[in-house]
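First the structure, in the form of structure tokens, and then the observations on it.
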Amino acid sequence: DSSDVANGSGVPDGQSEGNDLINRLVGGGSGKLQRSPSSGAQAPVCLICLDNLTSEDFESGEAMALECQCRGELALRHRSCAIKWTRVKGDNICDICKAPISNLPQVSPARAHRAQRW
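In my numbering, the protein residues as written are 1 to 118.
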């Protein structure tokens, strides 16, 4: 439902809108920045590295939607970026919505302790 994205909150009620959003925004297969012909919207970007999320990224599983309270483009990341970031900061808490991220490997307490020392 495009009204979920259009309302500006990025946190719609529907749980399945992530895949619909991905299909609408990524489209094509060139791996370059895409524009949706109907809305002029840019393709989504990883909010960690700020690189474009391509259709190839989604097909291979490298691009993902975090399972936290974020929805739409706010939840989209490269899997490798999200894993590295949780290891660096030492927890699986989303920096945007502050909810636990359930679809990433848990950060071990020893690793979290080491991350805090740096």
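Even glycine gets a Cβ: it sits at the ideal position worked out from N, Cα and C.
Query, Result
"Is the separation between the beta-carbon of asparagine 103 and that of glutamate 67 shorter than 7 Å?", "yes"
"Mind checking which residues open and close the alpha helix (DSSP H) that includes alanine 82?", "79 to 89"
"Among Ile96, Lys89 and Ala99, which one has its Cα closest to the Cα of serine 108?", "Lys89"
"For alanine 75, does the three-state DSSP call read helix, strand or coil?", "helix"
"Proline 100 to threonine 86, Cα distance in whole Å?", "11 Å"
"Give a yes or no on whether the C-beta atoms belonging to cysteine 49 and cysteine 81 are separated by under 7 Å.", "yes"
"Which residues in the same chain as lysine 98 place their Cβ atom closer than 6 Å to its Cβ, once the five residues preceding and following it in sequence are excluded?", "none"
"Tell me asparagine 52's beta-bridge partners as DSSP assigns them.", "Val45"
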